[in-house]
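2 protein chains.
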Amino acid sequence: MPVFRSSDNPIITPRAVRPSRPDFEVIGAFNAGVARLGDEVILLLRVAERPLNPDPGVYLAPIYDADRKQVVIKQFEQDNPEFDFSDPRAIQTARGVYLTSLSHLRLARSRDGVHFAVDETPALFPETCYETYGIEDPRITQIGDTYYVNYSAVSEAGIVVYLASTADFRSFRRLGAIFPPDNKDVTIFPEKIAGQYYALHRPSSGFGRPEIWIAESPDLLCWGNHRHLMGLREVSWDDGRIGGGAVPFRVKEGWLEIYHGADRLNRYCLGAVLLKADEPWKIIARGEQPILEPQAAYEASGFFGGVVFSCGVLCEEDKVKIYYGAADTSIAYAEIPLEDVLKSLK
Amino acid sequence: MPVFRSSDNPIITPRAVRPSRPDFEVIGAFNAGVARLGDEVILLLRVAERPLNPDPGVYLAPIYDADRKQVVIKQFEQDNPEFDFSDPRAIQTARGVYLTSLSHLRLARSRDGVHFAVDETPALFPETCYETYGIEDPRITQIGDTYYVNYSAVSEAGIVVYLASTADFRSFRRLGAIFPPDNKDVTIFPEKIAGQYYALHRPSSGFGRPEIWIAESPDLLCWGNHRHLMGLREVSWDDGRIGGGAVPFRVKEGWLEIYHGADRLNRYCLGAVLLKADEPWKIIARGEQPILEPQAAYEASGFFGGVVFSCGVLCEEDKVKIYYGAADTSIAYAEIPLEDVLKSLK
């Protein structure tokens, strides 16, 4: 598979992003939703920040206090055996899990699709009681003149999928939680199919496995008729977990979905699957091999190395233009000829 | 709290239920949805069956094979160290979990509400690929002349909530999975409130806790605007897990919900909570003490002892008539004056 990575990769790094407050540092600018707005490419970045920590004896967890409408910082003494710090992303305690960073969504704009200007302030910052641990991994679906943004909202109540809408990416309207906890990786199809909207989603199940489901909706707000769409494959690059990636886009042959799959060692790749045009709950073909694997240095190492993860692509000029998070750290860009993606599905 | 248990308790036992096939035995007839149909009280029982097992060297797991449209029985050698048989309800293996029984739904009818005739054959038996491990814990919501039955559908894909409808409890129409995995304990309110249907549900979350959420729907099929309704209470009878129990019913003061709560030792009681009439996502009052606790012998011991669990009540003649599963084994019946339930919420 011929993959053309931008020579400017990674195209957005944490250093290019101003923290939301002076006592924070940006540790990740990754997993971005993508859309076209006028003659610009819009990215809605997930920006992960953590408090600057002058005290090596404690770990910190930043939390948005929805009642007091401000960020509070919890301290955890490093030598307290009740706390488990083994995962750099989280602190395990008897009272629950805390995250070591707080994510918000930040806008970046570009005319050429590669060189981006990143806004100085957040576009969407945690606000509701479902967002106290941060908002993550946005996908953008344009329907008419409205852009629908869905994202993972994390709190001690669980991980729900929240929906917001905007016409201009300046003001956003929150529309509520559209999938109950725990759920992630929701990608809403950009048009109705036989009278219903469709979305891929990835529920968490203690009984089942982290696999992709499809649901339908009359109004984008309420979702039902949940059906299992595709599963893990044994002894494969996607035998650990899979989830929807980019918003599905229409090609002649059906709906093309670029999804992510990880193996049991948490190596994340991107794969492709083709769904029936008028029955998107039916799979026409699924590629055996990934279309993009973590190989470049900025993909192989970082905050969480060995990860390529896309929340959105553009399909233009017969190319799949992939914006993707690299190593949970930066945004990278690659192009693959559409024809090659489709050929890989045969 | 004055609780009047029927002197005929348990009113339905496994022995009163004919197995669905001669090589099965019924080990549980419990957790029943309840409705009035004409001059009869209808119970839709969860009937748990397991294969008669002549070979003490193996454990058996009955599974509905949705492709072949028949029950298949998997064998697990007792001395194979790869299998974990410590929980009598399930067999843990490296490839996933299997259940030792298969549940279906069975109709029972009564004119006096206490003496029931149980149908000889199942009303609803596993049928879809989401029901291969059984269907469990039905709730019945009557809206107009239609009865909506929702139940937990268990398969290796997870635990979803499935909806079916019926006018007569003879023929049922399956309407699809209304909540994605894992979810349980869905109770649908019997009328629209300000133009929307409402339901309580209990999602499973690795991040959050087993608590009660509320969702809304335009059509009973698609659900959204998921909001956390009520949580566990520390050092209380409901500090382990809670979930909706009976279908909420209207009293003068609002919506009364009889829910179940378990402590950390898995002792299940019933509690009461009052929700605002026109804003059911708001709690008016929640009782501090349970309204029903496992005390009688048939509640204290059985397949899973120390459990009272209700999927439905009738509120008639100023009494709350509670049909409840006792010890995951039998159905029992108790009455509590409505006034006393309401007083307990002050």
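These protein sequence lines are chains A and B, in that order. First residue of the first sequence: 67, per the working numbering; consecutive thereafter. First residue of the second sequence: 67, per the working numbering; consecutive thereafter. All C-beta atoms, glycine included, are put in the ideal place defined by N, C-alpha and C.
Within the model, the alpha-carbon separation for Ile78/A versus Phe151/A is close to 29 angstroms. Taking all protein chains in view, the Cβ of Lys348/A is surrounded by fewer than 16 other Cβ atoms within 10 Å, so the residue is classified as exposed. As the crow flies, the alpha-carbon of Lys387/A is around 6 angstroms from that of Cys381/A.
For Leu336/A and Gly309/A, the gap between their C-alpha atoms comes out near 10 angstroms. DSSP places Asp329/B in the coil class of the three-state scheme, outside both helix and strand. Bounds of the beta strand (DSSP E) holding Ala398/B are 396-403.
Distance check between Asp211/A and each of Gly94/A, Val379/A, Arg102/A places Arg102/A closest, using alpha-carbon atoms only.
In chain A, no part has a C-beta under 9 angstroms from the C-beta of Cys377/B; the shortest such distance is about 20 angstroms. Residue contact check for Ser270/A against chain B: a CB pair falls below 8 angstroms. The beta carbon of Thr395/A lies closer than 7 angstroms to those of Pro80, Gly94, Phe96, Gly368, Phe369 in the same chain, with the five residues before and after it left out.
Taking C-beta atoms as the reference points, Leu358/A and Ala351/A fail to come closer than 8 angstroms. With respect to the C-alpha of Glu106/A, the residue from His181/A, Thr159/A, Ser73/A having the closest C-alpha is His181/A. Taking a beta-carbon distance threshold of 8 angstroms, Val163/A counts as an interface residue toward chain B. The beta carbon of Asn249/A falls within 8 angstroms of a beta carbon belonging to chain B, placing the residue at that interface.
In this structure, Gly179/B keeps its C-beta atom at 8 angstroms or more from the C-beta atom of Cys377/B. As for any beta strand (DSSP E) of minimum length 3 sitting wholly inside the region 71-107 of chain B, the runs are 90-103, ordered along the chain. Distance between Arg330/B and Trp303/B, taken at the CA atoms: about 8 angstroms. For Ala223/B, same chain residues with a beta-carbon under 8 angstroms away, outside a window of 5 residues either side, are Cys195, Tyr196, Pro247 in chain order.
Ranked by Cα distance from Met296/B, the options Arg275/B, Cys288/B, Val313/B, Ala312/B are led by Arg275/B.
Taking a Cβ-Cβ threshold of 9 angstroms, the residues of chain B close to Phe273/A are Gly162, Val163, Tyr199, Val220, Ser221, Glu222, Ala223, Gly224, Ile225, Pro247, Asp248, Ser270, in chain order. For the C-beta of Asp305/B, not a single chain A residue is nearer than 9 angstroms; the gap to the nearest is close to 13 angstroms. With at least 16 other beta carbons inside 10 angstroms of its own, Arg112/B counts as buried.
Membership of Ala366/A in the alpha helix (DSSP H) is indicated by the continuous run 363-366. Residues of the region 274-293 of chain B that bring their beta carbon within less than 9 angstroms of a beta carbon in chain A comprise Gly274, Arg275, Glu277, Trp279, Ala281, Glu282, Ser283, Pro284, Asp285, Leu286, Leu287, Cys288, Trp289, Gly290, Asn291, His292, Arg293, in sequence order. Here the alpha carbon of Pro360/A sits roughly 36 angstroms from the alpha carbon of Tyr164/B.
Secondary structure of Lys409/A (DSSP, three-state): helix. The region 120-134 of chain B and the region 224-243 of chain A do not touch, with fewer than three beta-carbon pairs separated by less than 8 angstroms. Taking a contact as a CB-CB distance under 8 angstroms, the pair Glu354/B and Ala392/B does not count as one, their CB atoms being some 24 angstroms apart. Bounds of the beta strand (DSSP E) holding Phe375/B are 374-382.
C-alpha of Val83/B to C-alpha of Arg172/B: approximately 9 angstroms in a straight line.
At least 8 angstroms separates the CB of Ala328/B from every CB of chain A.
By alpha-carbon distance to Phe315/B, the top candidate from Ala260/B, Asn291/B, Ile209/B is Ile209/B. Checking the DSSP bridge columns, you'll see Phe142/B partnered with Tyr125/B. Asn119/A sits in coil when the DSSP states are folded into three classes, being neither helix nor strand. Beyond the five residues adjoining it in sequence on each side, Ile259/B comes within less than 7 angstroms, by CB distance, of Asp344, Pro346 in the same chain, given in chain order. Ile388/B carries a strand assignment under DSSP once its states are collapsed to helix, strand and coil.
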